[in-house]
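Comments concern the structure below.
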Amino acid sequence: MPKKIVLAFSGGLDTSFCVPYLQERGWEVHTVFADTGGVDAEEKAWIEARAHELKVASHVTVDGGPAIWAGFVKPFVWAGEPYQGQYPLLVSDRYLIVEAALKRCAELGTKAIAHGCTGMGNDQVRFDLAIKALGDYEIVAPIREIQKEHKEVRA
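For the sequence shown, position 121 matches number 111 in the working numbering, and the numbering has no gaps at all.
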């Protein structure tokens, strides 16, 4: 019986690649898309169809709009402080995506989570630290793994 893993899924190139990569390594892949705003019904339907086209075991879409508004946007706007003196503090949807994916992990009875972040940017740090802060999970990052194995692969 394959081990279950939850993949934070956007339907884009990287996370679409992650599905067969994980399946080929023996994982039963379940995807979750956290809608944190800016995605219309047609795009959500496309993301779900893409997940099923890739033959995932299950796919769920989570409405993260209310949580991102209450937990991030309002407090950051009220704080009025820019990140590094110039950027708005509104790049925190990664934490909400992690929270949604970990909730799905709990529903499926697994402690394995995957994401499509590269090994080159801050997204991997945001995802990994949020996951580690919320518990003891096995983190699988296929794109990052490939970048470590093949020097010619870069973000």
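Glycine is no exception: its CB is placed at the ideal position from the N, C-alpha and C atoms.
N-terminal and C-terminal residue of the alpha helix (DSSP H) that residue i is part of
{"i": "Lys64", "result": "Lys64 to Ala69"}
{"i": "Val88", "result": "Asp83 to Leu98"}
{"i": "His34", "result": "Per the sequence shown, the amino acid found at residue 34 is Lys instead of His. Ala31 to Glu43 is the extent of the alpha helix (DSSP H) around Lys34."}
{"i": "Leu12", "result": "Leu3 to Glu14"}
{"i": "Ala60", "result": "Taken as a continuous stretch (DSSP letters only), Ala60 belongs to no alpha helix (DSSP H), as it is neither H nor E."}
{"i": "Ala119", "result": "For the sequence presented, residue 119 should be read as Leu rather than Ala. Note, Leu119: alpha helix (DSSP H), Asn112 to Ala123."}
Buried or exposed (CB count within 10 angstroms, at least 16 for buried), residue i
{"i": "Arg15", "result": "exposed"}
{"i": "Ala60", "result": "exposed"}
{"i": "Met3", "result": "Met is not the amino acid found at residue 3; the sequence shown has Leu there. Leu3 comes out exposed."}
{"i": "Ala106", "result": "Going by the sequence as given, residue 106 is Gly instead of Ala. Classification of Gly106: buried, given that the 10 Å Cβ count is 16 or more."}
{"i": "Ala69", "result": "exposed"}
{"i": "Val197", "result": "The structure shown has nothing for residue 197, since the chain only spans -9 to 145."}
{"i": "Leu(-3)", "result": "buried"}
{"i": "Val115", "result": "exposed"}
{"i": "Asp25", "result": "buried"}
{"i": "Ala123", "result": "exposed"}
{"i": "Ala31", "result": "exposed"}
{"i": "Ala96", "result": "exposed"}
Where the beta strand (DSSP E) through residue i begins and ends
{"i": "Asp25", "result": "Trp17 to Asp25"}
Chain C contact for residue i (CB, 8 Å cutoff)
{"i": "Ser6", "result": "No chain C appears in the structure shown, which is made up of a single protein chain."}
Bridge-paired residues (DSSP) for residue i
{"i": "Ala104", "result": "Leu(-3) and Val130"}
{"i": "His49", "result": "Thr21"}
Contacting residues, own chain, Cβ-Cβ under 6 Å from residue i (five flanking each side not counted)
{"i": "Ile37", "result": "Gly1 and Phe23"}
{"i": "Gly55", "result": "Gly27"}
{"i": "Gly109", "result": "Arg134 and Gln137"}
C-alpha distance - residue i paired with residue j, whole-angstrom precision
{"i": "Arg94", "j": "Ala102", "result": "10 Å"}
{"i": "Trp146", "j": "Cys8", "result": "The structure shown does not extend to residue 146, since the chain is modelled only from -9 to 145, so the question has no answer here."}
{"i": "Gly111", "j": "Pro(-8)", "result": "31 Å"}
{"i": "Val146", "j": "Leu44", "result": "The shown model of the chain, from -9 to 145, leaves out residue 146, and the question about it has no answer."}
{"i": "Glu72", "j": "Lys34", "result": "Note that residue 72 corresponds to Pro in the displayed sequence, not to Glu. Their Cα atoms are separated by approximately 31 Å."}
{"i": "Tyr127", "j": "Leu119", "result": "11 Å"}
{"i": "Tyr149", "j": "Pro132", "result": "What is shown of the chain runs -9 to 145, which leaves residue 149 out entirely."}
{"i": "Leu98", "j": "Ile(-5)", "result": "9 Å"}
{"i": "Thr100", "j": "Phe66", "result": "33 Å"}
{"i": "Gln13", "j": "Ala39", "result": "18 Å"}
{"i": "Ile58", "j": "Ala41", "result": "24 Å"}
Contacts around residue i, its chain only, beta-carbon distance under 7 Å, and the 5 residues preceding and following it disregarded
{"i": "Ser48", "result": "His20"}
{"i": "Ala90", "result": "Val22, Ala24, Val52 and Gly54"}
{"i": "Arg84", "result": "Asp113, Arg116, Phe117 and Ala120"}
{"i": "Val46", "result": "Val9, Val19, His20 and Thr21"}
Residues near residue i by beta carbon distance below 8 Å, same chain, minus five either side
{"i": "Gly125", "result": "Leu92 and Lys101"}
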